[in-house]
Amino acid sequence: MDADTAADFAALGLPIPDSFPTDPDPFDVMQANWRAVTAFLALETQWRVATGPTGLIWCGLDYAAAAAAVRGRTLRAWQRLLADLRVMEAAALEVLNG
Numbered sequence: 387m388d389a390d391t392a393a394d395f396a397a398l399g400l401p402i403p404d405s406f407p408t409d410p411d412p413f414d415v416m417q418a419n420w421r422a423v424t425a426f427l428a429l430e431t432q433w434r435v436a437t438g439p440t441g442l443i444w445c446g447l448d449y450a451a452a453a454a455a456v457r458g459r460t461l462r463a464w465q466r467l468l469a470d471l472r473v474m475e476a477a478a479l480e481v482l483n484g
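For this note's numbering, count along the sequence shown from 1 and bump the result up by 386.
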């Protein structure tokens with residue numbers, strides 16, 4: 387986690403999760419997954435989040451924003467990409483919501 391993100395957490399009164407990687411290791415992406423990974427990263431600011439007494443509750447990606455971000459794809463390509471995004475979203479939600 388960089389200093390700006392840590393400051394954002396502090397300003398919101400949120401604890402930094404123990405499982406939050408401080409310096410993520412680089413990783414390889416199979417060429418077949420590259421479009422899905424880059425789309426997922428492009429949507430990093432498009433999460434639906436609710437607040438409650440225990441802090442943030444991550445609900446999932448905003449699919450309308452996702453569709454707008456990948457405008458111009460065929461319906462079939464969008465369906466394949468959406469399926470891949472949902473797999474990554476489910477894994478991310480497990481981590482984000484602990």
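By construction, the Cβ of each residue, glycine as well, lies at the ideal position given by its N, Cα and C atoms.
Let me confirm a value: residue i is counted as buried when at least 16 other C-beta atoms fall within 10 Å, else exposed. Which label applies?
i: F413; result: exposed
i: L447; result: buried
i: A452; result: buried
Beta-carbon separation of residue i and residue j under 8 Å?
i: R459; j: L467; result: yes
i: M474; j: F426; result: yes
i: L471; j: A455; result: no
i: L400; j: G441; result: yes
i: I402; j: A389; result: no
i: V435; j: V423; result: no
Confirm the yes/no value for this check: CB of residue i, any heavy atom of the ligand SAH, distance under 7 Å.
i: A389; result: Only the bare structure without any ligand can be found here, which leaves the ligand SAH out of the picture.
Near residue i, which residues of its chain fall below 7 Å by C-beta distance, leaving aside the five closest residues on each side in sequence?
i: L482; result: W444
i: A478; result: none
For a cutoff of 8 Å on Cβ pairs, would you count residue i as touching chain D?
i: F426; result: Within the model displayed, chain D is absent; a lone protein chain is all it includes.
Identify, in the order they occur along the chain, each residue of the same chain with its Cβ nearer than 8 Å to the Cβ of residue i, setting aside the five sequence neighbours on each side.
i: G484; result: P403, S405
request  = Write down every uninterrupted run of the beta strand (DSSP E) in the stretch 388-448 whose length is 3 residues or greater and which is fully enclosed by it, in chain order.
outcome  = 433-438, 441-447
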